Amino acid sequence: MSQTLTFEQPLHERVRLLLRLEALNARFADALESGRPFDHHEALVSLVDIYALVTRVDIKRELMGEIERQTANLNRLANQPGVDADRFRETMDAQKRLHDALEEQAGALDHRVRGSEFFSSVRQRMALPGGAFDFDLPIYHYWLAQPTQARSELLLEWFEPLNTVAEATAQVLRYMRRSGRSEPVTAEEGYFERNLDTAHAWQLIRVTVDPALGVYPEISGGRQRFTVRFFAPGDFRERPVPASRDVPFQLCCCAI
């Protein structure tokens, strides 16, 4: 496949949380880099969503728990034949560094924005459809007119307590994705199912498909079994219909 799309289905609530956080971090970084007022608006929208997510759960504890679990499972591979000792040591050092950094990070993650009346006002108005207009928030309209560097510095200051969380999220998901082995399979008449070996703690299903085939997958399942159904979206004006032909795709089941 020269050009592909990958769809992921988490099999655990913790993985679902980390995937959401990873996507929001990426949106924030992309919008911040552009620097245009409209993009900085999108960066702030992403930041509001990130803080809503990380303050709803103890994200540091979730990440530390996942790093500990991954480290314990990786340690079982230490003496296996074919293991690259130097790479293994680098991996374990990276895990320990981020675990320690999360453990040492003091205070609530939102302490930088909690005392900001400006951020609170923006967050409150953004809960309403189109709520951040200049007639609703004149100060926000004024902020968007500030020089790009000034806006960027404030956004980075607000994101700073999240840096370690963002790095740990990226690392945990990177190791998780690399734990799987991609294989070519076929969904006969658009449908595929497989039982999962319960001896492994499966966390993520990845389906990679060629967009030229004109189909997309819907993945469902749990830790014992999953299914993949392909649909044809057509021109997006009508209801998608189930694919009626065989669909080749790459399947990767991840567990670490």
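Residue numbers (my numbering): 66 to 321. Beta carbons: idealized from backbone N, C-alpha and C, even for Gly. Predicted model, so just to flag it, every value in this text is computed and none were measured.
Please report the residue range of the beta strand (DSSP E) in which residue i lies.
i, result
"I321", "Segment: none, I321 is in no beta strand (DSSP E) and carries neither H nor E."
"S217", "Counting along the chain, S217 falls outside any beta strand (DSSP E), though it belongs to the alpha helix (DSSP H) covering 213-224."
"G286", "281-286"
"T263", "No beta strand (DSSP E) holds T263; DSSP gives it neither H nor E."
"F93", "Counting along the chain, F93 falls outside any beta strand (DSSP E), though it belongs to the alpha helix (DSSP H) covering 78-99."
"R302", "No beta strand (DSSP E) holds R302; DSSP gives it neither H nor E."
"L269", "269-274"
Excluding sequence positions up to five away, which residues of its chain have a Cβ less than 7 angstroms from the Cβ of residue i?
i, result
"D201", "R190"
"R79", "E127, E131"
"Y205", "V187, A197"
"P307", "G255, R294, F296"
"T69", "T273, V274, D275"
"E222", "R177"
"P313", "P249, T251"
"V148", "L142"
"A320", "S244, H265, A266, W267, Q268"
"F183", "I204"
"P298", "Y281, P305"
"F153", "A143"
"L167", "K125, L128, M129, T229, A233"
"G100", "T213, S217"
Let's see if you can read the secondary structure: which residues bound the alpha helix (DSSP H) around residue i?
i, result
"V110", "102-119"
"F72", "Segment 70-75 is the beta strand (DSSP E) holding F72; no alpha helix (DSSP H) there."
"A137", "124-140"
Using a Cβ-Cβ cut-off of 8 angstroms (strictly less than) and excluding sequence neighbours within five positions of residue i, which residues of its own chain qualify?
i, result
"L174", "Y116, V119, T120, I124, K125, P226, L227, V230"
"E248", "Q315, L316, C317"
"L76", "W267, Q268, L269, I270, G286, G287, R288, F291"
"T136", "M157, Q160, K161, H164"
"L209", "P102, H105, H106, R216"
"P194", "none"
Output needed for residue i: all residues of its chain with C-beta closer than 6 angstroms, excluding positions within five of it in sequence on either side, in chain order.
i, result
"Q74", "I270, I284"
"H105", "R216"
"M66", "With a pLDDT of only 43 at M66, under 50, the local geometry of the prediction cannot be trusted, and the value read off the model is given with reservation. So the qualifying residues of the chain are D275."
"N39", "Here the chain comprises residues numbered 66 to 321, so residue 39 is not present and cannot be evaluated."
"R92", "S111"
"D311", "T251, E253"
"F72", "V272, P282"
"A96", "D104, E107, A108"
Pull up the DSSP beta-bridge partners for residue i, would you.
i, result
"S247", "In the DSSP output, where bridge partners are listed per residue, S247 has none listed."
"Y256", "E253, R294"
"F314", "V250"
"P307", "F296"
Could you tell me whether any Cβ in chain B is nearer than 8 angstroms to the Cβ of residue i?
i, result
"H77", "Considering every chain present, this structure includes no chain B. It has just one protein chain."
>> Extract the residue ranges of the alpha helix (DSSP H) inside the segment 161-204, only unbroken runs of 4 or more that lie entirely within it.
In response: Counting whole runs of 4 or more residues, the segment 161-204 contains the alpha helix (DSSP H) stretches 176-179, 182-191.
> Do three or more CB pairs link the segment 286-299 to the segment 260-272 at distances below 8 angstroms?
Replying inline: Contact between the segment 286-299 and the segment 260-272 is present: three or more C-beta pairs spanning the two stretches fall below 8 angstroms.
> For the 8 angstroms Cβ check, are there 3 or more pairs between the segment 273-286 and the segment 211-221?
Replying inline: Counting Cβ pairs under 8 angstroms, fewer than three are found: no touch.
> Below 8 angstroms, can you find three or more Cβ-Cβ pairs linking the segment 77-93 to the segment 238-253?
Replying inline: Verdict: yes, contact present.
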